[in-house]
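Novice: Below you will find the structure I want to go over with you.
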Amino acid sequence: DAKTTQPNSMESNEEEPVHLPCNHSTISGTDYIHWYRQLPSQGPEYVIHGLTSNVNNRMASLAIAEDRKSSTLILHRATLRDAAVYYCILRAIIQGAQKLVFGQGTRLTINP
Amino acid sequence: DTGVSQNPRHKITKRGQNVTFRCDPISEHNRLYWYRQTLGQGPEFLTYFQNEAQLEKSRLLSDRFSAERPKGSFSTLEIQRTEQGDSAMYLCASGAPSGRGTDTQYFGPGTRLTVL
Chain S
1 DAKTTQPNSM ESNEEEPVHL PCNHSTISGT DYIHWYRQLP SQGPEYVIHG
51 LTSNVNNRMA SLAIAEDRKS STLILHRATL RDAAVYYCIL RAIIQGAQKL
101 VFGQGTRLTI NP
Chain B
1001 DTGVSQNPRH KITKRGQNVT FRCDPISEHN RLYWYRQTLG QGPEFLTYFQ
1051 NEAQLEKSRL LSDRFSAERP KGSFSTLEIQ RTEQGDSAMY LCASGAPSGR
1101 GTDTQYFGPG TRLTVL
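Chains S and B, in that order, are what the protein sequence lines are. Per this note's numbering, the first sequence starts with residue 1, numbered consecutively. Per this note's numbering, the second sequence starts with residue 1001, numbered consecutively.
See the structure below:
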């Protein structure tokens, strides 16, 4: 599986935007970029995914570099509830199920 | 609640005992995954079912571990002769095919196992 690299931790203030980076320099043309997050004492939850174009949903935005070797998860207005570990995961485009391969993720702290 | 449920939420056992965990996936999902998570680490894949068929097993799943999904609905994960190293959070996730690259997995709250 292609690897991703994320900072171990980041800190931000409530109601400010947060940009969470992910490097994936060995990404292949068939890999989607997925983001999951894990709130304290909960299982992971899906946030967003994309292939080449930037993506938006109600939770976040995903900005993908033109060469696809990096991406950024953007939380437009962080709340205390966004404090979590954020995982950037590459998944190949294949039919059928596929396990998620989690790294260490980025622990995001939100200051009130 | 229509999410993934896991029981029990917490289990404390003595070394050498057997334990069994249950996962009830989202009802229309035919895929079911088990992961294990130790403190400070990301979840690690253990095994995967499509309907009742177990299609992939991790090397982490030693012969003391067995998982079943007899009717393609709920699943059980059994650990025999537990060891202290088995102490972890055991997570279950379910999913359904939704197009290429979009197999979103929905996780349960996990079962925390402590082996004394």
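From the three backbone atoms N, C-alpha and C, an ideal C-beta is built for every residue, glycine too.
Could you tell me which residues DSSP puts in a beta bridge with Ile1012/B?
Specialist: Thr1114/B
Novice: So what's Leu80/S in DSSP terms, helix, strand or just coil?
Specialist: In the structure shown, Leu80/S sits in a helix (DSSP, three-state: H, G or I).
Novice: Give the single residue among Cys88/S, Ser61/S and Pro7/S whose Cα lies nearest to the Cα of Pro17/S.
Specialist: Ser61/S
Novice: Considering only C-alpha positions, which residue in the set Gly1003/B, Arg1022/B and Val1004/B is nearest to Lys1011/B?
Specialist: Arg1022/B
Novice: Could you tell me the distance, in whole angstroms, from the CA atom of Ile89/S to the CA atom of Lys1071/B?
Specialist: 31 Å
Novice: Taking one C-beta from the region 4–23 of chain S and one from the region 1025–1035 of chain B each time, how about it: are there three or more such pairs within less than 8 Å?
Specialist: no
Novice: Residues of the region 1023–1039 of chain B in Cβ contact with chain S at a cutoff of 7 Å, in chain order, please.
Specialist: Arg1031 and Tyr1033
Novice: Distance, Cα to Cα, Ala1067/B vs Arg1036/B?
Specialist: 13 Å
Novice: Identify the residues that DSSP records as bridge partners of Asp31/S: which are they?
Specialist: Ala92/S
Novice: Could you tell me whether the region 47–54 of chain S touches the region 66–80 of chain S, using the rule of 3 or more Cβ pairs below 8 Å?
Specialist: yes
Novice: For Phe1107/B, which residues in chain S fall below 7 Å Cβ to Cβ?
Specialist: Correct list: Gly43, Pro44 and Glu45.
Novice: Helix, strand or coil for Asp1024/B per DSSP?
Specialist: strand
Novice: For Phe1021/B and chain S, any beta-carbon pair shorter than 8 Å?
Specialist: Not closer than 8 Å to any Cβ of chain S, the Cβ of Phe1021/B fails to qualify, so no.
Novice: Can you have a look at Lys1014/B and say buried or exposed, based on whether 16 or more other CB atoms are within 10 angstroms of its CB?
Specialist: exposed
Novice: Is it the case that the Cβ atoms of Ile110/S and Glu14/S are separated by a distance below 8 Å?
Specialist: Taking 8 Å as the cut-off, the Cβ atoms of Ile110/S and Glu14/S count as close.
Novice: Compare the C-beta of Tyr86/S against all C-beta atoms of chain B and say whether one is closer than 8 Å.
Specialist: Answer no: the Cβ-Cβ gap between Tyr86/S and chain B never drops below 8 Å.
Novice: Compute the distance between the beta-carbons of Tyr1106/B and Ser1094/B, then report whether it is under 8 Å.
Specialist: Against a cut-off of 8 Å, the Cβ pair of Ser1094/B and Tyr1106/B comes out as a contact.
Novice: Step through the CB atoms of chain S and report whether any lies within less than 8 Å of the CB of Glu1068/B.
Specialist: no
Novice: If you measure from the beta carbon of Thr1114/B to each beta carbon in chain S, is any gap under 8 Å?
Specialist: Residue contact with chain S for Thr1114/B: absent (no Cβ-Cβ distance below 8 Å to any residue of chain S).
Novice: I think Leu1042/B touches Tyr87/S, with their Cβ atoms under 8 Å apart; what is that distance to the nearest whole Å?
Specialist: Checking the sequence shown, residue 1042/B turns out to be Gly, not Leu. Indeed they touch by this definition, with Cβ atoms about 6 Å apart.
Novice: Please go through the same chain and pick out, in chain order, the residues whose beta-carbon is closer than 7 Å to the beta-carbon of Phe102/S, but skip the five residues on each side of it.
Specialist: Tyr87 and Ile89
Novice: Quick one: what's Leu73/S bridged to in DSSP?
Specialist: In the DSSP secondary-structure assignment, Leu73/S is bridged to Leu20/S and Leu62/S.
Novice: Starting from Gln104/S, find everything on chain B with Cβ-Cβ shorter than 9 Å and list it in chain order.
Specialist: Gly1040, Gln1041 and Gly1042
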